[in-house]
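Going line by line, the protein sequences match chains A and W. Just remember that the working numbering sits 701 ahead of the position in the first sequence, which is counted from 1. Just remember that the working numbering sits 701 ahead of the position in the second sequence, which is counted from 1. Yeah, the Cβ is synthetic: ideal placement off N, Cα and C, and Gly gets one too. To start, the structure under review is shown below, and the notes come after it.
There are 2 protein chains.
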Amino acid sequence: MARTTIEDVAQKAGLSVATVDRVLNGRAAVRPQTVERVERAIRLLNFQPDRLAARLARGRDYHFCFVLPVGNNSFMIEFGEEVRATAKRMVHERVIIDLHLTDVFDAPTLAATLDSIGDIYDGVAVVALDHPRVKEAINGLVDRGVTVVTIVSDVPSSKRSHYAGIDNSSAGRTAATLMGRYLGARKGKVGLIAGSLSLRDHIERRFGFEQVMLHEFPHLMILPVMESRDDWQRVETVTTEMLAAHPDLVGIYNVGAGARGVVAALEKSGRQDTIVYIAHELTDTTRRALVDGTIDVIINQNAGHEIRSAVRVLMAKADKGPLIEAMEKIRIDIFVRDNLP
Amino acid sequence: MARTTIEDVAQKAGLSVATVDRVLNGRAAVRPQTVERVERAIRLLNFQPDRLAARLARGRDYHFCFVLPVGNNSFMIEFGEEVRATAKRMVHERVIIDLHLTDVFDAPTLAATLDSIGDIYDGVAVVALDHPRVKEAINGLVDRGVTVVTIVSDVPSSKRSHYAGIDNSSAGRTAATLMGRYLGARKGKVGLIAGSLSLRDHIERRFGFEQVMLHEFPHLMILPVMESRDDWQRVETVTTEMLAAHPDLVGIYNVGAGARGVVAALEKSGRQDTIVYIAHELTDTTRRALVDGTIDVIINQNAGHEIRSAVRVLMAKADKGPLIEAMEKIRIDIFVRDNLP
DNA sequence: TTTCTTCTGATAGACGCCTGTCAAGAATTG
DNA sequence: CAATTCTTGACAGGCGTCTATCAGAAGAAA
């Protein structure tokens, strides 16, 4: 039993392959009723064009661009590495991926970047700040026919066609549940450190965390959030102050990057064994601290998965292929010392 | 800049495309020194054959078979569903996947199955029992030129070319760490239930669990392992007895399937809130119990990932393509109520 | 009805590689 | 040295789809 091809479809529909192809690729004007005939034949035969052959024939390259934050935080650096690695692998699949670094924390800069890069690319993946200027820039790209997917941090109200990242409010809830369970009956204060209170992912994590803490573990008191701009030195300062001010601190949840700052402060204070510390993102630093016991749990999003997912989505949109939604859902990884990859 | 093709390679090497192709596919006798010339040209040009074109040209189908256990445990049932779903999706990629159910717990039966299915398939993925007879059957397949990958449970000493599954001793360690941390300072007994003590995955999980428990949480006492054959009714009986015999039971780790048996027993006893229960595999049952709070943590292996990974490996072996090892590593998922997918 | 527009059909030529065949050249044997 | 055997070259044809072109056919407008 051979594959069904467009030829079979054409025959079934009593039309020519040329017409079937026109319908398939929306190339030229075709009468509605003819379109219908073709579509019926396709349905009847359960036909799906062979994407291998299609891509071979098209012979065109896919040009994508990843826009990431500049800066010295390990997660983003490793994220960039991963993008480069993926890019290298995909060259042989006719996919060309450029990497563009910019100041994501600054809305006008990010927006300007997005405005300027548009027309060379078929698709753009961006770590986005949820800000009106940025949203506008994203919508501009979309209007000019560029597919946009957000990664890591979303702008849900924009016209982006997909978000490849974790559900951050669930991530915050997860952190809270583990914090509460690890602390058990112990009482005391829990500190919260965030990179920025205008990054959507940080806001959502905090929201989820506080929601569960207040609801499920009311005996624990949450301290006011400290802002760190994801800079580990500032994180260290902030943590040190927190430790000094609260002798009854029993837990720390670091919503953003700069995990090493907390590690340093904790280890200097000698209280790493009594304080439950939950951090985000698996990097060399956090990994080591987890093994040492300074970090108790790492909540992680798999950079490789997100990138590959983003690329799959961009490619699918580029040639109007189908998407398996379930496969593109990014999971929230929990790492303890023993299930490190 | 166009892609480099075999034509470029041929030119660079001063040979014909036919010869380059012979080298590439080891088809006919080629003098060693000629082979060397071709390989040098390939290296120089960093050439990689276009796999799309190759598969299109070959036009051959890949025939694979998945051998799974019969039985009524949800994990395996869902695993089977997932295989079917993958099969359906892959038909359009020239991959035909058959599903073969057999009694995996019974070594001779499994071995006989493996012996009999060989020659129709290019590759076989099997949930294997680590038993000499089975090992022999796997080796037999390999010797007859069939690629074999093990899934879920491994037979490391066999000639199988890959294992698509989690590291089970790490999984056991993970369970122990979470058990210990959740229990905190509480003292008492911890029960262990396994499907079979001759399934390698169960043995390894138990080993990892006990290792960490003895080492890190010596104040908790591990009860002797109960065997359940992964049948939830037997699990329930066993658990009920355990609950009755040990009023100071504080934790249960169910190494195998049949999680619903524990759930039922716990809920009948009314002690689900005081006992930390850690189970394996996310299914409808365990999911509900996790949300309800009867299960505290689920350790999971992602069936979809394992299956896709197995298929990728089988395909790669079938046409001698390269494998990205890092991508094929299956992670140990930890689920609490809040990070359920 | 005639004259334009729209649609549709037929077909050729890619895309990059595989398979097979046939013949010519090179290396080996006796 | 001739007679074999091994290696290589040169093509032709195909995989399933896309792109482009040109000629008809069908519909709409006059």
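Exercise. Are at least three pairs of beta-carbons, each pair with one atom in the region 706-721 of chain W and one in the region 892-899 of chain W, less than 8 Å apart?
Worked result: No, the region 706-721 of chain W is not in contact with the region 892-899 of chain W.
Problem set entry | Leu915 (chain W) versus Gly873 (chain W): straight-line alpha-carbon distance, rounded | 13 Å
Exercise. Is the beta carbon of Ala829 (chain W) within less than 8 Å of some heavy atom of the ligand MG?
Worked result: In the structure shown, the ligand MG is absent, as is every other ligand, since no ligand is present at all.
Exercise. Is the region 996-1011 of chain A touching the region 771-783 of chain A, taking contact as three or more C-beta pairs under 8 Å?
Worked result: yes
Exercise. Using 9 Å as the limit for Cβ to Cβ distance, is Arg988 (chain W) near chain A?
Worked result: no
For this session: Grab the span of the beta strand (DSSP E) containing Leu800 (chain A) for me, first residue to last.
Result: DSSP places Leu800 (chain A) in the uninterrupted beta strand (DSSP E) bounded by 796-803.
Exercise. Under a Cβ-count criterion, where at least 16 other Cβ atoms within 10 Å of its own Cβ denotes burial, should Met880 (chain A) be classed as buried or exposed?
Worked result: buried
Exercise. Whose CA, out of W:Leu983, W:Glu837, W:Ala1011, W:Ala742, lies closest to the CA of Arg1038 (chain W)?
Worked result: Considering only alpha carbons, the answer is W:Leu983.
For this session: With distances taken Cα to Cα, identify the nearest neighbour of Arg901 (chain W) among W:Trp933, W:Ala886, W:Val828.
Result: W:Val828
Exercise. Contact between the region 785-798 of chain W and the region 836-852 of chain W: three or more CB pairs below 8 Å?
Worked result: Touching, no, given that fewer than three Cβ pairs across the two stretches are closer than 8 Å.
Exercise. Hey, Cys766 (chain A) and Ile818 (chain A) are a contact pair by Cβ (cut 8 Å); roughly how many whole angstroms apart?
Worked result: Right, the Cβ-Cβ distance comes to about 6 Å (below 8 Å), so this counts as a contact.
Exercise. So, helix, strand or coil for Gly824 (chain A), using DSSP?
Worked result: strand
For this session: May I ask you to report which of helix, strand or coil DSSP gives Pro770 (chain A)?
Result: Of the three classes helix, strand and coil, the one that applies to Pro770 (chain A) here is strand, per DSSP.
For this session: Please name the residue, chosen from A:Ser775, A:Met943, A:Ala1011, that lies closest to Ala960 (chain A) on a Cα-to-Cα basis.
Result: Of the listed residues, the one whose Cα sits closest to Ala960 (chain A) is A:Ser775.
Problem set entry | Interface residues of chain A facing His981 (chain W) [CB-CB closer than 7 Å] | Near His981 (chain W) there are no residues of chain A at all, since even the closest Cβ is about 13 Å away, more than 7 Å.
Exercise. Using 9 Å as the limit for Cβ to Cβ distance, is Gln973 (chain A) near chain W?
Worked result: no
Exercise. When the Cα atoms are used, what is the spatial distance from Ile953 (chain A) to Met943 (chain A)?
Worked result: 10 Å
Problem set entry | Contact set for Leu967 (chain A): own chain, Cβ-Cβ below 8 Å, skip 5 residues either direction | Thr940, Leu944, Ile953, Gln973, Ile976, Tyr978, Thr995
Problem set entry | Residue ranges of each alpha helix (DSSP H) within the region 979-1020 of chain W, 4 or longer | Segments of the alpha helix (DSSP H) lying fully in the region 979-1020 of chain W: 985-993, 1004-1019.
Exercise. Tell me, which residues are paired with Glu928 (chain W) by DSSP?
Worked result: W:Ala895
For this session: Find the residues of chain A that neighbour Val778 (chain W), judging by a C-beta separation of less than 9 Å, and give them in chain order.
Result: In the sequence as displayed, the identity of residue 778 (chain W) is Ile instead of Val. The premise fails here: Ile778 (chain W) is roughly 18 Å from chain A at the closest Cβ pair, so nothing lies under 9 Å.
Problem set entry | For Ile904 (chain W) and Pro750 (chain A), the rounded distance between their alpha carbons | 47 Å
For this session: Could you tell me the distance, in whole angstroms, from the CA atom of Ile1035 (chain W) to the CA atom of Phe910 (chain A)?
Result: 18 Å
For this session: For Ser871 (chain A), decide whether its Cβ has a neighbour in chain W, counting only Cβ atoms nearer than 9 Å.
Result: yes
Problem set entry | Listed by chain order, chain W residues near Val913 (chain A) by CB distance under 8 Å | Ordered by position in chain W, the residues that pass the 8 Å Cβ test against Val913 (chain A) are Asp1039.
For this session: Closer than 7 Å by beta-carbon distance: list the chain A residues that pair up with Ala754 (chain W), in chain order.
Result: Leu757
For this session: Taking Gly909 (chain W) as part of the alpha helix (DSSP H), name the residues at either end of that continuous run.
Result: 901-917 is the span of the alpha helix (DSSP H), which, as asked, contains Gly909 (chain W).
Exercise. If you run the structure through DSSP and keep just helix, strand and coil, what is Val849 (chain W)?
Worked result: strand
Problem set entry | Extent of the continuous alpha helix (DSSP H) run through Asp709 (chain W) | 707-714
Exercise. Within 9 Å (strictly less), CB to CB, does Thr878 (chain W) reach chain A?
Worked result: yes
Exercise. Mind checking Arg744 (chain W): buried by the 16 CB within 10 Å criterion, or exposed?
Worked result: Result: exposed.
Exercise. Excluding sequence positions up to five away, which residues of its chain have a Cβ less than 6 Å from the Cβ of Pro857 (chain W)?
Worked result: Within the same chain, and ignoring the five residues on either side of Pro857 (chain W) in sequence, no residue has its Cβ closer than 6 Å to its Cβ.
Problem set entry | C-beta contact flag for Ile1031 (chain A) and Ala808 (chain A) at 9 Å | no
Exercise. Taking just the CA atoms, how far does Arg882 (chain A) sit from Met922 (chain A)?
Worked result: 15 Å
Exercise. Run through DSSP, which three-state label would Leu1041 (chain A) get?
Worked result: coil
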